[in-house]
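First comes the structure, then the notes that go with it.
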Amino acid sequence: NYGQKEGEMDISWQFLTNVQHTYDREKKLVEKYDVSTTGTGGGGGEYPLQDGFGWTNGVTLKMLDLICPKEQPCDNVPAKRPLSESTTQPVKQKEAEPTP
């Protein structure tokens, strides 16, 4: 947490929108995404673009978990960016208890 909540939410929202649009078009998650556009898998690197990828899948699931309402499943990026404080605040870390 760097205290940049609005910037964090913007980056998360752009990433999730790109993942969702790519999934809607290709019916799969891919390893990397082109951040200069929406709905396009990335390219370059040492090998061709891979289907799915552990860190990409994990980051996507974690971001969806942070922005989606807790009382209902979230299988798509919400149509509108949530504005509620409860959905845009990062999870607070439990503070260490002082030692006696």
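Everything in the sequence shown is counted per the working numbering, starting at 11 for the first residue and increasing by one.
All C-beta atoms, glycine included, are put in the ideal place defined by N, C-alpha and C.
Please read all numbers here as calculations on a predicted model, not as lab measurements.
Nearest neighbour of G62 by Cα position, chosen from Q30, H31, K42, S22, turns out to be K42. Around the beta carbon of V45, fewer than 16 other beta carbons lie within 10 angstroms, which makes this residue exposed.
Residue pairing from DSSP places D61 in a beta bridge opposite V40. Taking every protein chain shown into account, the CB of G51 has 16 or more other CB atoms within 10 angstroms, so this residue is buried. Looking at K72, M73, T66, the one whose alpha-carbon comes closest to that of K38 is T66.
Residue pairing by DSSP places G51 opposite Y43 in a beta bridge. The alpha-carbon of T32 is positioned some 30 angstroms away from that of G13. In the displayed model, V29 falls within a helix according to three-state DSSP.
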